[in-house]
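Asks: Protein chains in written order, with my numbering: chain A, 1 to 425; chain B, 426 to 688.
Quick one: this structure, given as C-alpha cells, is what I'll be asking you about.
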Amino acid sequence: MNAIEVRDVRKVYRRYGRRTQFGTLKSALLSRGRTHDLNQTTTFEALRGVSFDVAQGKTFGIVGRNGSGKSTMLKLIAGIGKPTSGEVQVHGRLSALIELGAGFHPEISGRDNVFINGMMLGLSKREVATRFDEIVAFADMQEFIDAPVKTYSSGMYVRLGFSVAINVDPDVLLVDEVLAVGDEAFTHKCLDKFADFKRRGKTVLLVTHMLDLVTRFCDDAIWLDHGVTRAHGDPKRVIDAYRLDVAAEENRSMAAGTAIDATRRGDAPTDMSTAREGRWGSREAEILSVEFLRRDGTAAHVFESGEAVEIRIRVRAHQRLTDFVFGVGIFSADGVCCYGTNTDIEGAQPAEFSGDADVGFHLDSLALIEGSYKIDVAVHRRDGTPYDYHRQLHTIRIASQWKDTGVFRPPHRWTFSSGIRITGL
Amino acid sequence: MLHSLRQLLRHRALIQSLVARELKARYRGSALGVIWSFLNPLLLLLIYTFVFSVVVPGSPSRQIEHYPLFLFCGILPWTWLSSSLLESANVLVAGGALLRKVLFPAEVLPLVTVFAGLVHFALGLPILIAFILYYRVPITADIAWLPLIVLDQLLLTIGLALIVSSLTVHFRDLRDLLSNVLTLAFFATPIVYPLSEAPAWAQTLLALNPFTHLTVAYRETLVMPGLYSGWPRLFALGLLSLAICGVGYFVFDRLRDTLAEEV
Chain A
1 MNAIEVRDVR
11 KVYRRYGRRT
21 QFGTLKSALL
31 SRGRTHDLNQ
41 TTTFEALRGV
51 SFDVAQGKTF
61 GIVGRNGSGK
71 STMLKLIAGI
81 GKPTSGEVQV
91 HGRLSALIEL
101 GAGFHPEISG
111 RDNVFINGMM
121 LGLSKREVAT
131 RFDEIVAFAD
141 MQEFIDAPVK
151 TYSSGMYVRL
161 GFSVAINVDP
171 DVLLVDEVLA
181 VGDEAFTHKC
191 LDKFADFKRR
201 GKTVLLVTHM
211 LDLVTRFCDD
221 AIWLDHGVTR
231 AHGDPKRVID
241 AYRLDVAAEE
251 NRSMAAGTAI
261 DATRRGDAPT
271 DMSTAREGRW
281 GSREAEILSV
291 EFLRRDGTAA
301 HVFESGEAVE
311 IRIRVRAHQR
321 LTDFVFGVGI
331 FSADGVCCYG
341 TNTDIEGAQP
351 AEFSGDADVG
361 FHLDSLALIE
371 GSYKIDVAVH
381 RRDGTPYDYH
391 RQLHTIRIAS
401 QWKDTGVFRP
411 PHRWTFSSGI
421 RITGL
Chain B
426 MLHSLRQLLR
436 HRALIQSLVA
446 RELKARYRGS
456 ALGVIWSFLN
466 PLLLLLIYTF
476 VFSVVVPGSP
486 SRQIEHYPLF
496 LFCGILPWTW
506 LSSSLLESAN
516 VLVAGGALLR
526 KVLFPAEVLP
536 LVTVFAGLVH
546 FALGLPILIA
556 FILYYRVPIT
566 ADIAWLPLIV
576 LDQLLLTIGL
586 ALIVSSLTVH
596 FRDLRDLLSN
606 VLTLAFFATP
616 IVYPLSEAPA
626 WAQTLLALNP
636 FTHLTVAYRE
646 TLVMPGLYSG
656 WPRLFALGLL
666 SLAICGVGYF
676 VFDRLRDTLA
686 EEV
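What follows is the structure, encoded as C-alpha cells:
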C-alpha cells in the first residue's frame with residue numbers, strides 16, 4: 001500500500017515579470033490550458049517528469065541543491081498547486097510542515113491562533129480542544145499562550161506552529177527544512193517525534209539539507225537535480241552519490257579560484273604565520289604548481305576527514321641550490337595554524353636541488369574536522385629568506401559525517417565495558 | 426452550488442472562528458473597542474443628515490418625514506455590501522502566505538469578510554430600532570420579512586465577493602475600478618433620495634440595480650407605514666442572488682488552482 005504516489009510529474013512556472021497569467025477575462029474563465037501555450041523563454045520547468053512511490057509507514061527523504069525542485073515537489077504533494085502534467089496521489093490525512101505558523105494573526109492570542117491554525121489544518125474545534133494542552137506543552141509555551149502572537153520571538157512562533165502541525169496527527173507528514181529553525185533542544189524533541197511517528201506506522205516525507213538525517217531516518221531517498229531524478233533508492237547510496245557530486249562541483253570551483261599568480265611585491269613579512277595571503281620570494285627556486293592527490297592519484301580539493309592525501313609540489317630551481325628548505329602549513333578558515341612543518345625542522349640536510357622536481361608531502365590520514373583549510377607551501381633558505389612562498393593561496397575542503405569540534409580529529413576509538421550497551425559507533 | 430454549500434457547512438466552524446478573530450483583532454488596542462461598531466454607523470448617519478438637511482436642504486430631506494431614519498435604512502445595509510466587497514478585493518492577496526503554504530480552502534477568506542460585515546450590520550440594527558422608537562414609528566408585523574431580506578443580501582454579497590476576490594488576484598486593476606464602481610452604485614441606489622423622486626427614465630435604470638430593491642425592501646418593512654406588499658419581488662431577488670452566488674462560485678472554482686501561484 002502506497003501512501004504517496006507521484007507519476008511523471010512536471011511543473012512549469014511562468015518566469016516572473018510577465019504581466020499576468022491571463023491576458024483577458026475571457027481567457028481566465030474559459031481556457032483550460034494554463035501554461036502549455038507559453039514558449040520556453042517565458043516559462044521555467046521546476047520539475048521535469050519525476051516519479052516515485054512512498055510506501056505506507058516509510059520515511060522518505062528528498063535531497064538536492066537549492067532550486068532543484070524539492071520544495072515544488074513537496075507543495076504538489078501537499079495539494080498546494082497542481083502539477084502541469086502527471087499525477088500526485090496521497091492516501092490518508094496529510095499535514096505539511098512547510099511554513100510554520102503561516103496564518104497566525106499577530107494581534108490575537110496564541111491560544112486563539114492555535115485553534116484557528118488547527119482548524120485550517122483540518123481539525124475540528126473539539127479535536128483542537130482535546131489536543132490543546134499537548135500542543136502547548138510540546139511548544140513549551142504555557143507561560144505565553146495568552147499573549148498576542150506579535151509579542152512572540154521568531155523561535156516561539158515557529159515552535160508553536162510546528163507543535164500545531166505535528167499534533168494534527170496526520171497519516172502522512174511532509175517536512176520541509178523546518179528542523180533548522182529551532183534550538184538544539186527543540187530539534188531533538190522534533191526528531192523524537194518523528195521517530196515516534198515512524199514507530200506508529202505513519203509516513204514521513206522529509207526535505208532537508210541535513211544529509212545525516214536522511215541516512216539516519218529514511219528508508220528510501222531521492223536526489224533531485226534541476227527537476228529530474230538523479231538517484232533513487234537506498235538513502236546511503238543516494239546521499240553518497242549526492243555528496244560526491246557536490247564535492248566534484250566544489251573541486252571545480254576551488255580549482256578555478258586558486259590564485260597562484262598573485263605575486264606580492266616588496267619584502268616578505270617577517271612573521272609568515274600572521275601574514276596575509278600572497279606570494280613572496282627571490283625566485284631562485286620557484287613553485288610551479290601545487291596539487292592535492294587522493295590515494296588513487298587523482299587530484300581533488302575536497303576530501304573526507306581521515307582520507308589519505310599527498311600534497312604534491314612541483315618545483316623548479318633556476319640555478320643549482322645547496323641551501324633550501326621545503327615547508328607546508330595547514331590553516332583553518334579563521335587563521336588558526338593546525339599544523340606546520342618543514343624539512344629543516346625535521347632535521348633534513350639539503351644537498352643539491354637543480355632543474356625541475358616534485359616534492360610530495362604525504363599525510364596518511366587527513367585528521368581534520370569539517371571545514372575549509374588554507375594551505376601554505378614554501379621553498380626558502382635555512383635562514384627563512386624565501387625563494388618562493390605561497391601564503392594561503394591553496395584551499396581544500398574537508399567533508400565529514402561527524403559534527404565534532406576542535407582543531408583536528410585524532411584517530412580514535414571508544415570502548416565500553418559490560419554494563420553499557422551502545423550501538424552506532 | 427450543492428458542492429459549495431457542503432463546503433460552506435464543512436468549514437463553518439473555521440469561518441466562525443475566523444470571523445470572531447477578525448472582530449477581536451479589529452478592536453484590539455482601541456479604547457472604545459466594540460463600541461466603534463455602534464459609533465461608526467452613527468457618525469456616518471450624523472454626517473449625511475447634516476449634509477442633506479442643513480448644508481443642502483434640498484428636495485429629498487424636505488419631503489421625507491424622519492429623514493435620518495430614512496437614510497439610516499439605506500446606509501446600514503450599503504455599508505455591509507461595500508465594505509465586504511472592498512475587503513474581498515484584498516483578502517486573497519493579503520492572505521497570500523496562507524494560500525501558498527497551507528492547503529486551505531481559499532473561498533473561506535472572502536466568506537469571512539462577508540460574515541464579518543454581517544456582524545457589523547447586526548450590531549447596527551439595535552441603533553436602527555432605537556431610531557424607530559425615537560421617531561415613534563410603529564413597528565409592524567412587516568419586520569418578519571427582515572430575515573429574508575438579509576438572506577437575499579447575504580447571498581448577493583457572497584456571490585459578488587467570490588467574483589471580486591478571485592478576479593482581483595489576476596486583474597489587480599479591479600481593485601481601483603471597484604471603489605469607483607461602488608461610489609457610482611451608491612448614488613445609483615436610492616439611499617440618500619427616495620426612488621419615487623427620480624425621473625421616470627432613471628427609475629427604469631435604477632430598477633436594474635438589485636440593491637435598489639433591497640434598499641426599498643428594508644425601508645418599506647421597517648419605516649414605511651402600511652403593509653409590505655413587495656414580497657414577490659423579494660423572492661425574485663432571492664433567486665437572482667442565488668444565481669449570482671452560483672456564478673461567483675463557478676468563477677472562483679475556475680480560478681482556484683491558479684490562486685496560489687498568483688497571489
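Every residue gets a Cβ at the ideal spot worked out from N, C-alpha and C, and that includes glycine.
Just so you know, these numbers come straight off a predicted model, no measurement behind them.
Among the candidates B:L434, B:F463, B:H545, B:A514, whose CA atom is the shortest distance from the CA of V606 of chain B?
Replies: Residue numbering aside, residue 606 of chain B sits at position 181 when the second sequence is read from its first letter. Of the residues B:L434, B:F463, B:H545, B:A514, the one whose Cα lies closest to the Cα of V606 of chain B is B:A514.
Asks: Taking Cβ positions only, does R446 of chain B come closer than 7 Å to chain A?
Replies: As a working mapping, residue 446 of chain B is identified with position 21 in the second sequence. With 7 Å as the cut-off, R446 of chain B counts as an interface residue toward chain A.
Asks: Apart from the five residues on each side of it in sequence, which residues of its chain come closer than 6 Å, Cβ to Cβ, to E5 of chain A?
Replies: For the purposes of this step, residue 5 of chain A is taken as the residue at position 5 of the first sequence. Counting only Cβ-Cβ distances below 6 Å, and skipping sequence neighbours, we find D53, Q89.
Asks: May I ask which residues mark the beginning and end of the beta strand (DSSP E) holding V88 of chain A?
Replies: Taking the first sequence and counting its residues from 1, one reaches residue 88 of chain A at position 88. Counting along the chain, the beta strand (DSSP E) containing V88 of chain A begins and ends at 85–90.
Asks: Considering V328 of chain A, what are the terminal residues of the beta strand (DSSP E) in which it resides?
Replies: In the first sequence, counting from the first residue as 1, residue 328 of chain A sits at position 328. That run of the beta strand (DSSP E) goes 325–332.
Asks: Between S590 of chain B and chain A, is any beta-carbon pair separated by less than 7 Å?
Replies: Your numbering for residue 590 of chain B matches position 165 in the second sequence. Not closer than 7 Å to any Cβ of chain A, the Cβ of S590 of chain B fails to qualify, so no.
Asks: List, in order along the chain, the chain A residues whose C-beta lies closer than 7 Å to that of A547 of chain B?
Replies: Stepping through the second sequence from its first residue, residue 547 of chain B is reached at position 122. Residues of chain A passing the Cβ test: none, with the nearest at roughly 21 Å.
Asks: How would you call M1 of chain A, buried or exposed, if buried means at least 16 neighbouring beta carbons within 10 angstroms?
Replies: Residue 1 of chain A sits at position 1 when you count from the first residue of the first sequence. It counts as exposed.
Asks: In the segment 337–411 of chain A, which residue ranges form an unbroken alpha helix (DSSP H) of at least 4 residues, counting only runs that do not cross its ends?
Replies: none
Asks: For A348 of chain A, tell me which candidate among A:T298, A:L191, A:R381 has the shortest Cα-Cα distance.
Replies: Taking the first sequence and counting its residues from 1, one reaches residue 348 of chain A at position 348. Of A:T298, A:L191, A:R381, the residue nearest in Cα terms is A:R381.
Asks: Counting only Cβ-Cβ distances shorter than 7 Å, please list the residues of the segment 522–543 of chain B near chain A, keeping chain order.
Replies: A522, L523, R525, K526, V527, L528, F529
Asks: Is the shortest distance between the beta-carbon of S462 of chain B and the beta-carbons of chain A less than 7 Å?
Replies: Translated into positions along the second sequence, residue 462 of chain B becomes position 37. With 7 Å as the cut-off, S462 of chain B does not count as an interface residue toward chain A.
Asks: Can you name the residues of chain B whose CB is closer than 8 Å to the CB of G81 of chain A?
Replies: Residue mapping note: residue 81 of chain A aligns to position 81 of the first sequence, counting from 1. Under the 8 Å cutoff, chain B gives D682, A685, E686.
Asks: With a Cβ-Cβ cutoff of 7 Å, do R409 of chain A and S282 of chain A count as a contact?
Replies: On the first sequence, residue 409 of chain A is found 409 positions in, with the first residue counted as 1. On the first sequence, residue 282 of chain A is found 282 positions in, with the first residue counted as 1. No, the Cβ-Cβ distance between R409 of chain A and S282 of chain A is not below 7 Å.
Asks: Under three-state DSSP, which class holds I616 of chain B?
Replies: By one-based count along the second sequence, residue 616 of chain B stands at place 191. Coil, per DSSP.
Asks: For P572 of chain B, which three-state DSSP category applies?
Replies: Taking the first residue of the second sequence as 1, we reach residue 572 of chain B at position 147. Note: P572 of chain B maps to helix in three-state DSSP.
Asks: Using a 10 Å radius around the Cβ and a threshold of 16 neighbouring Cβ atoms, would you call N66 of chain A buried or exposed?
Replies: Along the first sequence, one-based indexing puts residue 66 of chain A at 66. Exposed, by the Cβ-count rule.
Asks: From what residue to what residue does the alpha helix (DSSP H) around Y560 of chain B run?
Replies: Counting from one through the second sequence, the residue named residue 560 of chain B turns up at place 135. No alpha helix (DSSP H) holds Y560 of chain B; DSSP gives it neither H nor E.
Asks: Given a threshold of 16 other Cβ atoms within 10 Å of its Cβ, counted over all protein chains shown, does V158 of chain A qualify as buried or as exposed?
Replies: Reading the first sequence from its first residue, position 158 is the one you call residue 158 of chain A. When all chains shown are included, V158 of chain A counts as buried.
Asks: What does L443 of chain B touch in chain A if you count any residue whose Cβ is under 7 Å from its own?
Replies: Residue numbering aside, residue 443 of chain B sits at position 18 when the second sequence is read from its first letter. Simply I116.
Asks: In terms of residues, what are the limits of the alpha helix (DSSP H) holding H638 of chain B?
Replies: Position 213 of the second sequence, counted from the first residue, corresponds to residue 638 of chain B. Per DSSP, H638 of chain B belongs to the alpha helix (DSSP H) from 635–647.
Asks: How many angstroms separate the CA atom of W626 of chain B from the CA atom of L664 of chain B?
Replies: Within the second sequence, the letter at position 201 stands for residue 626 of chain B. Within the second sequence, the letter at position 239 stands for residue 664 of chain B. Each residue's alpha carbon lies about 26 Å from the other.
Asks: Going by DSSP, what residue range makes up the beta strand (DSSP E) through I313 of chain A?
Replies: Residue numbering aside, residue 313 of chain A sits at position 313 when the first sequence is read from its first letter. Where I313 of chain A is concerned, the enclosing beta strand (DSSP E) stretches over 309–321.
Asks: Within 10 angstroms of the Cβ of V309 of chain A, are there 16 or more other Cβ atoms? Answer buried if so, exposed if not.
Replies: Numbered from its first residue, the first sequence carries residue 309 of chain A at position 309. V309 of chain A comes out buried.
Asks: Does the beta carbon of A450 of chain B sit closer than 7 Å to a beta carbon anywhere in chain A?
Replies: The sequence position of residue 450 of chain B within the second sequence is 25, counting from 1. Yes, its Cβ sits closer than 7 Å to a Cβ of chain A.
Asks: Residues in the same chain with beta-carbon distance under 6 Å from K75 of chain A, minus the five sequence neighbours each way, listed in chain order, please.
Replies: Position 75 of the first sequence holds residue 75 of chain A. Excluding sequence positions up to five before and after K75 of chain A, its CB lies within less than 6 Å of the CB of G81, all in the same chain and listed in chain order.
Asks: Show which residues of chain B have a CB atom less than 7 Å away from the CB atom of A102 of chain A.
Replies: The sequence position of residue 102 of chain A within the first sequence is 102, counting from 1. Correct list: A522, L523, K526, V527.
Asks: Straight-line CA distance for A3 of chain A to W223 of chain A?
Replies: To locate residue 3 of chain A, count along the first sequence from 1; it is residue 3. To locate residue 223 of chain A, count along the first sequence from 1; it is residue 223. Their backbone Cα atoms lie some 19 Å apart in a straight line.
Asks: On the three-state DSSP scale, how would you describe H232 of chain A?
Replies: Taking the first residue of the first sequence as position 1, residue 232 of chain A is located at position 232. Strand at H232 of chain A.
Asks: When you compare the CB of A105 of chain A with every CB in chain B, is at least one pair closer than 7 Å?
Replies: For the purposes of this step, residue 105 of chain A is taken as the residue at position 105 of the first sequence. For clarity, residue 105 of chain A is His in the given sequence; the question names Ala instead. So, interface residue.
Asks: In angstroms, rounded to a whole number, what distance separates the CA positions of V302 of chain A and F326 of chain A?
Replies: Along the first sequence, read from residue 1 onward, the residue named residue 302 of chain A stands at position 302. Along the first sequence, read from residue 1 onward, the residue named residue 326 of chain A stands at position 326. Approximately 24 Å between the Cα atoms of the pair.
Asks: So with Cβ pairs under 7 Å, would you call M73 of chain A a contact of chain B?
Replies: Reading the first sequence from its first residue, position 73 is the one you call residue 73 of chain A. For M73 of chain A, the answer is no, since every Cβ of chain B falls outside 7 Å of its Cβ.
Asks: Report the neighbours of E99 of chain A on chain B: residues whose CB is nearer than 8 Å to its CB, in chain order.
Replies: Within the first sequence, the letter at position 99 stands for residue 99 of chain A. Under the 8 Å cutoff, chain B gives A522, R525, K526, V527.
Asks: Indicate whether Y560 of chain B and L469 of chain B have their beta-carbon atoms separated by less than 7 Å.
Replies: Locating residue 560 of chain B in the second sequence gives position 135, counting from the first residue. Locating residue 469 of chain B in the second sequence gives position 44, counting from the first residue. With respect to the 7 Å criterion, Y560 of chain B and L469 of chain B are not classified as neighbours on the basis of their beta carbons.
Asks: Does DSSP put P530 of chain B in a helix, in a strand, or in coil?
Replies: Sequence index remark: in the second sequence, residue 530 of chain B carries index 105 (1-based). DSSP places P530 of chain B in coil when its eight states are reduced to three.
Asks: Mark A248 of chain A as exposed unless 16 or more other C-beta atoms lie within 10 angstroms of its C-beta, in which case mark it buried.
Replies: In the first sequence, counting from the first residue as 1, residue 248 of chain A sits at position 248. Looking at its Cβ environment, which holds fewer than 16 other Cβ atoms inside 10 Å, A248 of chain A is exposed.
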